[in-house]
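Student:
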Amino acid sequence: GTRPGALGGAAARSWRTRWRVVCVGKARGSDAREGSRSGRPVRAARREKAAFDSRDRHGLAGGLSEVVKALASRSRLDYARLVSLALRHPSSTLVRRLGYLMTVLHLGDPSPLRRRVGATDKPMRLDLDGDPAAEVDKEWRVIDNIGAADIRDWALS
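The opening position of the sequence shown corresponds to residue 23 in the working numbering, with each subsequent residue numbered one higher.
Written as structure tokens, this is what we have:
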């Protein structure tokens, strides 16, 4: 399957994993590692940054189900770093979606993200491609148009 955090514009294969290079603006590359590839400088997002950015552009990560799988890879992500990155991001909608997913999947401590949720914030869809008529989570002001049970199933698959 396709994994979030892929590197580059061309697709490549590495033992059962399909990687894709995704170029983003300098502002989005703020939490990157420096390195070199074939003698050329390369900046690659850390796992937590790739996971957070994939929540914004989940189509580049293989869809929302792949984003959920990446978030649920407990041994691979530092959830405190992920929350810290989210708090520095200007979009409260992404922060709310992340907080909701972390709550549903029982990942780390999403409580610091709650300060970015306003009581008057308009509820927004978890999956932008999904049906807008679904149950609203009042804590995160997220329309769960996937369903918590399906989200947990994705995390286990």
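Glycine included, each C-beta is placed from N, C-alpha and C at the ideal position.
Between V158 and L123, is the Cβ-Cβ spacing less than 8 Å?
Tutor: no
Student: Give the range of the alpha helix (DSSP H) segment to which A171 is assigned.
Tutor: Judged by DSSP secondary structure, A171 falls within the alpha helix (DSSP H) whose first and last residues are A170 to L178.
Student: Near R138, which residues of its chain fall below 6 Å by C-beta distance, leaving aside the five closest residues on each side in sequence?
Tutor: S114 and V117
Student: With burial defined as no fewer than 16 other Cβ atoms inside 10 Å of the residue's Cβ, what is the status of D149: buried or exposed?
Tutor: buried
Student: Taking the alpha-carbon positions, what's the W162 to R136 distance?
Tutor: 7 Å
Student: If you follow the alpha helix (DSSP H) that T142 is part of, which residue opens it and which one closes it?
Tutor: From DSSP, T142 is part of no alpha helix (DSSP H); its letter is neither H nor E.
Student: Within the continuous alpha helix (DSSP H) that includes K91, where are the two ends?
Tutor: Run containing K91: L86 to L93, per the alpha helix (DSSP H) assignment.
Student: What residue range does the alpha helix (DSSP H) around R110 cover?
Tutor: Boundaries of the alpha helix (DSSP H) harbouring R110: Y101 to R110, taken from the DSSP string.
Student: For A108 versus L120, is the C-beta spacing smaller than 8 Å?
Tutor: yes
Student: Excluding the 5 residues preceding and the 5 following S87 in the sequence, name in chain order all residues of the same chain whose CB lies nearer than 7 Å to its CB.
Tutor: W176
Student: Compute the distance between the beta-carbons of L104 and G84, then report whether it is under 8 Å.
Tutor: Taking 8 Å as the Cβ cut-off, L104 and G84 do not qualify as a contacting pair.
Student: Could you tell me the alpha carbon to alpha carbon distance between S106 and P134, rounded to whole angstroms?
Tutor: 9 Å
Student: Using only the heavy atoms of the ligand FMN, determine whether one of them is closer than 7 Å to the beta carbon of G84.
Tutor: By its list of ligands, the structure shown contains no ligand whatsoever, and the ligand FMN lies outside what it can speak to.
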